[in-house]
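As structure tokens, the structure follows; a few thoughts come after it.
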Amino acid sequence: MIFKRINALILFMFSLNFSVQAEVKLPVLISDGMVLQRDAKVPVWGWADPGEQIMLSFKRKTYKTTTAKDGRWSIELPKMKAGGPFKMVISGKNSVEIDDILIGDVWLCTGQSNMVHQLDIHDVRYAEEIANADNPAIRHFKVPTTPAISGPQEDLEGGEWQKAVGEEIRPFSAVAYFFAKKIYEKYQIPIGLINASVGGTPIEAWIPQEGYTDYPEILKIIEENKDTAFVNAQRQNRPQPEEFAEEETDKGLMGTPWYSNDFTPKNWRRINIPGYWEDQGVRDLNGTVWYRREVEIPESMIGKKARLFMGRIVDADEVYINGVVVGNKTYQYPQRRYEVPDTLLKAGKNNFTIKVTNYNGKGGFVPDKPYYIFTEQDTVDLKGYWQYKVGEVFKPVVRSRDNLFGESVRRINPQNEPTALYNGMIAPYKQLPVKGILWYQGESNTGNPKAYEGYMAALISGLRSVLGQPEAPFIYAQLPNFMDVSYLPSESNWAELREAQLKALNNPNTAMTVNIDLGEWNDIHPDNKKDVGERMALAGLKLAYGEDLVYSGPVYESHTVEAGKVILKFKHTGNGLVSNDGEPLSEFALAGEDGKFVWANAKIEGDRVIVWSDEVAEPKYLRYAWADNPDNPNLYNKEGLPASPFRTEL
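Be aware that the sequence shown starts at 936, since it is given in this note's numbering, and climbs by one per residue.
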């Protein structure tokens, strides 16, 4: 009897496995609500049993094929005009239906966090845009973060197509949405946005192996990463978090918690919000600092839902009101915007406590951000003096890069490894045609800007190669202004990386948007995503749609030197060069053979800019807007587009 049961179980498992294998399976991206590229032959592919007959019905036509020995099948659809919605049915031993398919233009949107940033993160600035969203012809597919260092993957791990309608628009990439909206408004053609982007990632992770033909050292790393045994060994040699973990030592969580209404603070010091504690009498502290303040809440705010804006905090935070946690973030970049329940506030004094954890650099509250609690009718300002006390001081951790045998260890972070994000987030659908590529990245490469020009060329050629579209339009955002404003000529890695981005225009069918006026000194994720997206749309209208328009700000072309004056010529001057604020041109600097830069005079004469300085009789080097955050780069064309920062040897 036992043997009969075992045999029956084996037969059942075999039949179950067979039935699973028999199921026609499609890639995740080929799903309800998808957008297919118009005027291009579009493959539809998937998996089924070897030798299985597959039939695809679409737009009143039927296509047939047979699954190959490896279980793969593919059917190519002919070129189609824009339209929809349509339904697709794919049949084998089972049937799969795909509803609400549109045919239009598909754009691959990729890069790091400024491409990731959803409309939801910017819902204060774009509240009206979100509230009025009603455009089902604009679709967005957010590819899950899936690094794959072992090689290109066959499918995605999840994701779905969403429409630019109502609350469904919140996860859309803000930059990509405003790009798509501008294009759609002109052509009324469906737009599909495939958003493959991950915050904090370097360009190297997005370049396919095909782009690295001139990088033998990187090709060696790629091959090493395909060796699972090697990768596991490297990871074992890395310091593990548990090596540094200690028991709870934060004084603020011992005994009566410091956020509790029952806690009575003693010997706390005064500190200002906003501001960093290193700038207010606390030196070189990595650890936790607790902030407390009794906040007067008026009767008119009681019983109503409130929102708490606490700007940005470096690095992590936990926010409590009257002993109840109302929100937390684990890293420094998100805006702190927390919902406060309508039952939590009380008239009169309320206990506000914030635990701030800092791991590196200056900790505290970023200046020039909103700090207040509000309802529809009332606002209470939270800036000013608070009380603080240190809860814990982190011990410095010295990490060796050598293993036990003194050999150098290569630190492997999967999402930063060469090809890893391409492999997991673009390769699974590389056969799908696209209208073009949008790229917004560079912040993570500012530590080594000299390599970026080559990496950009590798990315552009590599993606075009694997997509099988050697002339696909490639549109990218130059890094905006960021960090402290520079009032003296200085060196800048950010400026060097912008230069590398500028040089990437040497690759054919590319366009760069200049955003030197759209950044924020205290936020690597500036709030103004609309202008970035719309400037990309101008470039798209030119490159991908052939419109005759001015799509770029002035770009340095050439120069001559006459009697100590530098005469500059620019491309993309449009209807003429202007100072956008009516003031004399600024941010030009000159240096002689000694390389010591001084601010220079500059003026517009026709379609030229004349630059000179009485301090530099024989100019040898010239720079424009060469800084992390130049004070006032005011050279524009009359179309309102800023000139790109640049430097040149004279």
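Every residue, glycine too, gets a C-beta built ideally from N, C-alpha and C. The structure displayed is predicted, hence computed values, not measured ones.
Straight-line Cα distance separating VAL1275 from LYS1201 | 28 Å
State buried or exposed for GLN1123, treating a residue as buried only when at least 16 other CB atoms are found within 10 Å of its CB.
-> exposed
Selected residue, minimal CA-CA separation from ALA1140, among LEU1503, LEU1432 and TYR1390 | TYR1390
Per DSSP, cross-strand counterpart(s) of LEU971 | ILE1038
Given 8 Å, three or more beta-carbon pairs between the region 1387-1402 and the region 1142-1160 | yes
Is it the case that the Cβ atoms of GLY1258 and TYR1194 are separated by a distance below 7 Å?
-> yes
So ALA1412 packs on ILE1372, CB below 8 Å; how close in whole Å?
-> Actually they are not in contact, since the Cβ atoms of ALA1412 and ILE1372 sit about 12 Å apart, beyond 8 Å.
Could you check what DSSP says for PRO1174 in three-state terms: helix, strand or coil?
-> In this prediction, PRO1174 has a pLDDT of 47, which is less than 50 and means its spatial position is unreliable; what the coordinates show is noted afterwards. Coil, per DSSP.
May I ask which residues mark the beginning and end of the alpha helix (DSSP H) holding ALA1062?
-> 1062-1066
Whose C-beta lies closer than 8 Å to the C-beta of VAL1100 among residues of the same chain, with five residues either side of it excluded?
-> ALA1068, ASP1069, ASN1070 and PRO1071
Taking just the CA atoms, how far does ALA1083 sit from ASN1348?
-> 11 Å
Chain D beta carbons: is any one of them nearer than 7 Å to that of ASN1029?
-> Although the question refers to chain D, the structure presented lacks it and comprises just one protein chain.
First and last residue of the beta strand (DSSP E) that includes LYS1324?
-> 1319-1328
Return the first residue and the last residue of the alpha helix (DSSP H) that PHE1113 is part of.
-> 1109-1122
In the DSSP assignment, find the alpha helix (DSSP H) that holds ALA1466 and state where it starts and stops.
-> In the sequence as displayed, the identity of residue 1466 is Asp instead of Ala. From DSSP, the alpha helix (DSSP H) with ASP1466 extends over 1465-1478.
Terminal residues of the continuous beta strand (DSSP E) containing ARG1543?
-> 1543-1547
Roughly how many whole angstroms lie between the Cα atoms of MET1050 and GLY1499?
-> 44 Å
Neighbour-count burial assignment, VAL955, 16 or more Cβ in a 10 Å radius = In this prediction, VAL955 scores a pLDDT of 44, lower than 50, which makes its location untrustworthy; the coordinate-derived value is nonetheless stated afterwards. It counts as exposed.
Anticipated Cβ contact below 8 Å, LEU1512 with ILE1539, distance rounded = 5 Å
Going by beta carbon distance, what residues of the same chain come within less than 6 Å of GLU1181, once the five residues before and after it are set aside?
-> With a pLDDT of only 48 at GLU1181, under 50, the local geometry of the prediction cannot be trusted, and no value is derived from it.
Name the residue from ILE1308, LEU991, SER1132 and ASP1055 whose alpha carbon lies nearest to the alpha carbon of TYR1357.
-> SER1132
Please state if the CB of LEU1484 and the CB of SER1579 are separated by a distance shorter than 7 Å.
-> no
Okay, do the region 1234-1249 and the region 1309-1316 touch, 3+ Cβ pairs below 8 Å being the bar?
-> yes
Helix or strand or just coil, what does DSSP make of PRO1349?
-> helix
With a threshold of 6 Å, establish whether the CB of SER992 neighbours any heavy atom of the ligand GTP.
-> The ligand GTP is absent from the structure shown, which contains no ligands of any kind.
Of the choices ASN1383, GLN1376, GLN1053 and ALA1017, whose alpha-carbon is the least far from that of TYR1112?
-> GLN1053
Run the CB neighbour count on GLN1215, radius 10 Å, all protein chains shown included, and call it buried at 16 or more, exposed below.
-> exposed
Alpha carbon of TYR1211 to alpha carbon of ASP1219, nearest angstrom | 11 Å
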